[in-house]
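First comes the structure, then the notes that go with it.
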Amino acid sequence: MMMMQSRKIWYYRITLIILLFAMLLAWALLPRRP
Numbered sequence: 000m001m002m003m004q005s006r007k008i009w010y011y012r013i014t015l016i017i018l019l020f021a022m023l024l025a026w027a028l029l030p031r032r033p
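Note that numbering that gives the first Met the number 0 gives residue 3 to position 4 of the sequence shown, counting from 1, and the numbers run on in steps of one.
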């Protein structure tokens with residue numbers, strides 16, 4: 000039971016990190032274009 004919950008939390012954390020990274024990349028690339 001604990002293992003399953005832990006895995007779900009890990010997946011959630013990974014997705015959040017990926018989304019944050021993608022947002023940062025987009026923010027860094029967007030201003031370059033006039």
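For each residue, glycine too, the CB sits at the ideal point set by N, CA and C.
Inter-residue Cα distance where the pair is residue i and residue j
i          : j          : result
residue 44 : residue 8  : Shown here, the chain extends from 0 to 33; a query on residue 44 therefore has no answer.
residue 3  : residue 27 : 36 Å
residue 29 : residue 5  : 36 Å
residue 31 : residue 25 : 10 Å
Contacting residues, own chain, Cβ-Cβ under 6 Å from residue i (five flanking each side not counted)
i          : result
residue 11 : none
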